[in-house]
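When you line the sequence shown up against the UniProt record's numbering, it's residues 1 to 324, in that order.
Here a beta-carbon is modelled for each residue, glycine too, at the ideal position from N, C-alpha and C.
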Amino acid sequence: MALTTSRPHIKRPLTQTQNHLIQSRRCMEQHQALWNGIKDYFNSCDLMSSKHTSWTAPDFYTLRQQQYILATNRERKKLNLLQRKSKLADLIAKEEKMFEERREEINNKSLNTIDINVFASECKRLERERHDRELELKLYHQWRATQPIFREFSRRQTNHFLNHKQMQEMLNKDVLQNENKQLLQCNKMEEECFQKDDLQKKEIMCFDISEDQTDTRFVGASGTVKAGNGTITGADHLEPAILPLINTQLLDYARLLCNLDFQDVLGGSLLCTEQGLKLKDILLTSYCISAAEYEKYFEVLILDRNVGKSSQEGLGYITSLIVT
């Protein structure tokens, strides 16, 4: 057997690279430990600062109070639930106990034949009485059906009920017809009102459109008529400018008045002529001209001594009344 001899372990000196690796590893461990400490410090600082801000917040007290109230209510509900469960368990146990006692009492009790016979006889008696009452009632109905007085009374009663019901139906029918007529009349009146309103609106719209299309002004001294942007001179050229907007019959009467020779009229009273009376009648009736306005504009303007000026001003006023 060969003997093995072990050499003693000889510690070899470390090289420079190994020393450098060891130092760098130690530095990394120290740096990691330092960084972890700094990180934990800042995390704890952030946590403490957030807690401090939450503690010093104005809503902290109210929030904590609400949380406390919710917790107390939750605990109270739990306690009430436990108490109710315990009470219900006690009641169920008592009922079960009573049920068991009653069942044992009934099972142990022996039935007596005398009591059974009494109960059976009582049931038979009640059944016989019920049958007798039914027979009596049937006999009574048969007797009543054979009696003529009762039959006449029932016939009158049924006739009265039928007549009363028929009258009620007729009254209800009349009431419904009257209501329908009233509704139809109301609807017709509403439709007429709506039609009138529509006609008035259409007239107003047509009047506004015609007013926008033509803007006529009359000058009495020179006998010119301005319509829109153009100018028409003389009484003979008046009709084409304003004919679409005025009553031609009224304009003819006005032109006849303006063309009359005032020297031929006695006292210059133009209103006494046939044309003047017709013009007055039309203005007072159709155009709602008051008597004061008529006297103001016709007796002052048309009956002026200056015949040419007054006739042109009167014609211009008449035409403006018709247009407006």
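{"Check": "Roughly how many whole angstroms lie between the Cα atoms of Leu137 and Phe161?", "Outcome": "26 Å"}
{"Check": "Determine, using beta carbons only, whether Phe150 and Arg156 come nearer to each other than 7 Å.", "Outcome": "no"}
{"Check": "Please go through the same chain and pick out, in chain order, the residues whose beta-carbon is closer than 8 Å to the beta-carbon of Gln195, but skip the five residues on each side of it.", "Outcome": "none"}
{"Check": "How far does the alpha helix (DSSP H) with Ala23 in it extend, from its first residue to its last?", "Outcome": "According to the sequence as given, residue 23 is Gln; it is not Ala. Gln16 to Thr56 is the extent of the alpha helix (DSSP H) around Gln23."}
{"Check": "Could you tell me the distance, in whole angstroms, from the CA atom of Glu127 to the CA atom of Asp115?", "Outcome": "19 Å"}
{"Check": "Give the DSSP-derived three-state secondary structure of Asp59 in the structure shown.", "Outcome": "coil"}
{"Check": "Just to confirm my understanding: we take Asn112, look at its own chain, exclude 5 residues before and 5 after, and list those with CB closer than 8 Å. What are they?", "Outcome": "none"}
{"Check": "Measure the alpha-carbon distance for Asn108 versus Lys78 and round it to whole angstroms.", "Outcome": "45 Å"}
{"Check": "Can you list, in chain order, the residues of its chain with a C-beta nearer than 6 Å to that of Met167? Leave out the 5 residues immediately preceding and following it.", "Outcome": "none"}
{"Check": "According to DSSP, is Lys124 part of a helix, a strand, or is it coil?", "Outcome": "helix"}
{"Check": "Would you kindly work out how many angstroms separate the C-alpha atoms of Thr15 and Ile22, rounded to a whole number?", "Outcome": "11 Å"}
{"Check": "CA-CA distance, Met28 and Asp40?", "Outcome": "18 Å"}
{"Check": "Apart from the five residues just before and just after Asp197, which ones in its own chain have a Cβ nearer than 6 Å to its Cβ?", "Outcome": "none"}
{"Check": "Can you tell me the Cα-Cα spacing of Glu104 and Glu122, whole angstroms?", "Outcome": "28 Å"}
{"Check": "Please list, in chain order, all residues of the same chain as residue 332 whose beta carbon is under 7 Å from its beta carbon, the five residues on each side excluded.", "Outcome": "Coverage of the chain is limited to positions 1 through 324, which leaves residue 332 absent and any answer about it impossible."}
{"Check": "From the DSSP output, in three-state form, read off Asn112 for me.", "Outcome": "coil"}
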